[in-house]
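In the working numbering, the protein residues as written are 2 to 94. Quick notes on the structure that follows.
Quick look at the structure:
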């Protein structure tokens with residue numbers, strides 16, 4: 002087969018098909034915190050996050066994850082972890 006020249010034997014079976022059922026929707030989002038703060042564009046940011054579908058979200062350039070959680074209605078049941086350096090994750094509990 003086409004992979005054999007790269008060291009993989011012919012006839013390697015394909016990976017198994019994952020089981021169907023409830024999935025986990027994961028999103029990453031760069032908030033551009035400095036820009037949103039400088040332009041006082043918080044309502045636009047909250048609306049954008051509110052309109053998305055996700056179970057777990059990772060943030061970049063996030064100075065205060067709890068500020069986000071308290072301003073986005075759909076995230077009222079979310080918990081979060083913020084190790085610092087502008088990074089945070091939040092998940093639906």
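Glycine included, C-beta positions come from ideal geometry on N, C-alpha and C.
Buried or exposed: residue i, going by 16 or more other Cβ atoms within 10 Å of its Cβ?
i          : result
residue 91 : buried
When the distance is taken between beta carbons, is residue j closer than 9 Å to residue i?
i          : j          : result
residue 18 : residue 55 : no
residue 25 : residue 57 : yes
residue 34 : residue 85 : no
Our contact map puts residue i next to residue j with C-beta atoms below 8 Å; I'd like the distance itself, whole angstroms only.
i          : j          : result
residue 60 : residue 30 : 6 Å
residue 51 : residue 74 : 6 Å
With a threshold of 7 Å on Cβ separation, who are the neighbours of residue i within its own chain once the five nearest residues in sequence on each side are excluded?
i          : result
residue 94 : 78, 79 and 80
residue 46 : 32 and 37
residue 53 : 28
Using a Cβ-Cβ cutoff of less than 8 Å, which residues in the same chain neighbour residue i once the five nearest sequence positions on both sides are dropped?
i          : result
residue 63 : 32, 34, 69, 83, 87, 88 and 89
For a minimum of 4 consecutive residues, which ranges assigned as the alpha helix (DSSP H) are wholly contained in the region 30-94? 34-39, 43-51 and 66-72
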